[in-house]
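In order, the protein sequence lines correspond to chains U and B.
Under the numbering used here, think of the first position of the first sequence as 280, with each following residue one higher.
Under the numbering used here, think of the first position of the second sequence as 280, with each following residue one higher.
Idealized CB from N, CA, C, for every residue including glycine.
There are 2 protein chains.
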Amino acid sequence: MRVLAFLDGTLADPDAPHIRVDDLGLMRGDGIFETVLVAGGTPRELRPHLDRLARSASMLDLPEPDDEAWQRATRQVIGNWIGGDEFALKLVCTRGIDGLPGAGPTAFAMGIPIDEKVIRARAEGVAAVTLERGIDPGLAERAPWLLLGAKSLSYAVNMAAVREAARRGASDVIFTATDDTVLEGPTSNVIIARGRTLYTPPATIGILPGTTQAAVFRGAERAGWSTKIEPLSTADLRDNDGLFLASSVRKLTRVHTLDGDRLPDSSAVHAELAKAYEDVYA
Amino acid sequence: MRVLAFLDGTLADPDAPHIRVDDLGLMRGDGIFETVLVAGGTPRELRPHLDRLARSASMLDLPEPDDEAWQRATRQVIGNWIGGDEFALKLVCTRGIDGLPGAGPTAFAMGIPIDEKVIRARAEGVAAVTLERGIDPGLAERAPWLLLGAKSLSYAVNMAAVREAARRGASDVIFTATDDTVLEGPTSNVIIARGRTLYTPPATIGILPGTTQAAVFRGAERAGWSTKIEPLSTADLRDNDGLFLASSVRKLTRVHTLDGDRLPDSSAVHAELAKAYEDVYA
């Protein structure tokens, strides 16, 4: 089941049509979104998600999100959820209807069950491939019109990359830059463990600042780990004690196979970090 | 006024909602489109548009478009159009509803009036700016998952580039590659006239093959011009007798100002080529 609430707090039938064909979100992928994990009735990292929504809005020259309205829509969905203990909460905001700027953005929150595959991946890990993203790490700051690091609705490339992974016998992707820098996954951030230190690349290279990555870092620090935000190279993807993809819904997922090569077992490191992450919400 | 027909030939109210919030076209910009110019009741370059739609579908691993159904929907819209002599016909196809793959793609054709600004630009020309696209010309062939040259619904970057142009006092953009190669506009192809020869870059560098560009070339050849499809550099944008942007709805529009510099007057060349293009349909 799904639960749909518009930004004004109205509940609506998620199986009914609500969007006009000339909505710019549909016609141009012109809008922004967030995916929040709700667990035990509580949205995790809602503040960072709303901050990131505001950051994406700013990058796309969309109106600043109405924080209170988003929190209300979030409560509406959570209050009406009758599915499992955990679900994905999508927050979506488009530029609205083409040629009707006065109509304002189209905005809604929707609760969606978590895919079985994602639940399995949390426990079993995933096979990932590295794929060229074709950009250099300085591009995001030079060329803000490319929207690198904005969570826009224009995700066709992210989806195509996952299909390319499937063709290569994997289920996820790590994008790399032209200089061999590690970027991010199509829907996740990359984290590496080496000794008692966690590493992730800086958002300035044109990637999304990770809400779950930040939560994992916070949990790990409380558990005595050090954390570093610094550029990683593709060599770092193999030279480590654990390679992980972090995202709201998949939480911390370990990569067990990279570009077809089985990586050394990182289950113990993963278990410790997964616990540190859960302890943030205990 | 607008006219909306779904791919099954059903006419529908364009002001009513028809799309579910969980349509992947909306959630992920995951779909494809074409914009066809209809003039005097005839869709221009419909065959090349449908071929390009099929090419985009293939790049996005979408089902091959049903040619006959698209032609029927096109006829439906044209037959019910009561607006001006010329209008834009959008063909849109999304991957359909998330988690309901059996439901199949969401597909419709919609007639839309042509914006006054576009009509003015055809006559008066436009100011354009060059903007970095951050990719190299070999990337499209190396990395098909980046969907370069597919006309996907993920156009947020194209729209952001046009807003950047507006910030710089212009109304259009010419994207450039990392090696200073000329790519395309966000919604157009670049054509240069030099002497009696027209030039445009090859689609292999990761740009859309232009339906209008091809029609202009056909018309120009009939009028005694030579045409060449070869890489252009940013220097070529100034070293010419006319710089143009071609797209279905704007037809052939001359660029009168580039990066803030007024270019030599190309009105006469433009008039000759615009006539050669119209003569294709005479």
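Roughly how many angstroms separate the alpha carbons of residue i and residue j, rounded to a whole number?
| i | j | result |
| --- | --- | --- |
| U:Arg-401 | U:Ile-471 | 16 Å |
| B:Leu-516 | B:Gly-448 | 19 Å |
| U:Glu-347 | U:Gly-390 | 18 Å |
| B:Thr-483 | B:Gly-417 | 8 Å |
| U:Glu-365 | U:Pro-392 | 8 Å |
| U:Asp-287 | U:Arg-351 | 8 Å |
| U:Ile-361 | B:Trp-360 | 47 Å |
| B:Gly-464 | U:Pro-510 | 33 Å |
| B:Lys-396 | B:Ser-450 | 10 Å |
| B:Asn-437 | U:Asp-294 | 31 Å |
| B:Ile-298 | B:Thr-409 | 36 Å |
| B:Val-534 | U:Ala-444 | 42 Å |
| B:Pro-296 | U:Leu-477 | 47 Å |
| B:Leu-368 | B:Asp-394 | 13 Å |
| U:Asp-292 | B:Leu-325 | 38 Å |
| B:Asn-468 | B:Arg-529 | 11 Å |
| B:Ile-486 | U:Arg-331 | 31 Å |
| B:Asp-538 | B:Thr-460 | 16 Å |
| B:Met-280 | B:Ile-357 | 13 Å |
| U:Gln-355 | U:Leu-283 | 9 Å |
| B:Thr-513 | B:Leu-316 | 29 Å |
| U:Arg-446 | B:Pro-327 | 30 Å |
| B:Ser-527 | B:Phe-312 | 13 Å |
| U:Thr-536 | B:Val-405 | 52 Å |
Using a Cβ-Cβ cut-off of 8 Å, state whether residue i counts as contacting chain U.
| i | result |
| --- | --- |
| B:Trp-504 | no |
| B:Phe-523 | no |
| B:Val-300 | yes |
| B:Phe-387 | yes |
| B:Val-461 | no |
| B:Pro-416 | no |
| B:Met-306 | yes |
| B:Leu-257 | Limits of chain B in this structure are 280 at one end and 561 at the other, which puts residue 257 of chain B out of reach. |
| B:Gly-448 | no |
| B:Ala-482 | no |
Residues in the same chain with beta-carbon distance under 7 Å from residue i, minus the five sequence neighbours each way, listed in chain order, please.
| i | result |
| --- | --- |
| B:Asp-377 | Asp-301, Leu-303 and Met-306 |
| B:Val-572 | Outside the shown range of chain B (280 to 561) lies residue 572 of chain B, about which nothing can therefore be said. |
| U:Val-548 | Ala-472, Asp-520 and Gly-521 |
Check the Cβ-Cβ distances between residue i and every residue of chain B, and say whether any is below 8 Å.
| i | result |
| --- | --- |
| U:Pro-488 | no |
| U:Gly-288 | no |
| U:Leu-329 | no |
| U:Ala-439 | yes |
| U:Val-436 | yes |
| U:Leu-425 | yes |
| U:Arg-399 | no |
| U:Asp-346 | no |
| U:Ser-431 | yes |
| U:Ala-514 | no |
| U:Pro-296 | yes |
| U:Asp-309 | yes |
| U:Arg-442 | yes |
| U:Arg-354 | no |
Is it buried or exposed, residue i, if we count other Cβ atoms within 10 angstroms and call 16 or more buried?
| i | result |
| --- | --- |
| B:Glu-403 | exposed |
| B:Arg-323 | buried |
| B:Thr-491 | buried |
| U:Arg-501 | exposed |
| U:Thr-466 | buried |
| B:Thr-321 | exposed |
| U:Thr-289 | exposed |
| U:Ala-388 | buried |
| B:Ala-382 | exposed |
| B:Ala-439 | buried |
| B:Leu-427 | buried |
| B:Gly-489 | buried |
| U:Ala-561 | exposed |
| B:Leu-462 | buried |
Excluding five sequence neighbours on each side, which residues of the same chain lie with their C-beta closer than 6 Å to the C-beta of residue i?
| i | result |
| --- | --- |
| U:Val-495 | Ala-525, Leu-531 and Tyr-556 |
| U:Ala-318 | Glu-365 |
| U:Thr-353 | Pro-322 and Ala-388 |
What does a CB cutoff of less than 8 Å around residue i pick up in its chain, not counting 5 residues either side in sequence?
| i | result |
| --- | --- |
| B:Glu-343 | Ala-333, Ala-336 and Ser-337 |
| B:Gly-310 | Leu-303, Gly-304, Leu-339, Leu-341, Val-371, Cys-372, Thr-373, Arg-374, Pro-384, Thr-385, Ser-431 and Leu-432 |
| U:Ala-238 | What is shown of chain U runs 280 to 561, which leaves residue 238 of chain U out entirely. |
| B:Val-452 | Ala-407, Val-408, Thr-409, Leu-410, Ala-440, Val-441, Glu-443, Ala-444, Gly-464 and Pro-465 |
| B:Asp-345 | Leu-286 |
Less than 7 Å separating the Cβ of residue i from some heavy atom of the ligand MN?
| i | result |
| --- | --- |
| B:Ala-449 | Questions concerning the ligand MN fall outside what the structure shown contains, since it holds no ligand whatsoever. |
- Task: Inspect the CB distances between the region 541-560 of chain U and the region 409-425 of chain U and report whether three or more fall short of 8 Å.
- Result: Contact check between the region 541-560 of chain U and the region 409-425 of chain U: fewer than three CB pairs, one atom from each, fall below 8 Å, which does not count as touching.
- Does the region 448-463 of chain U come within contact of the region 402-421 of chain U, defined as at least 3 CB pairs closer than 8 Å? Touching, yes.
- Query: Any chance the region 499-507 of chain U sits against the region 531-543 of chain U, with 3 or more Cβ pairs inside 8 Å?
  - Reply: Counting Cβ pairs under 8 Å, fewer than three are found: no touch.
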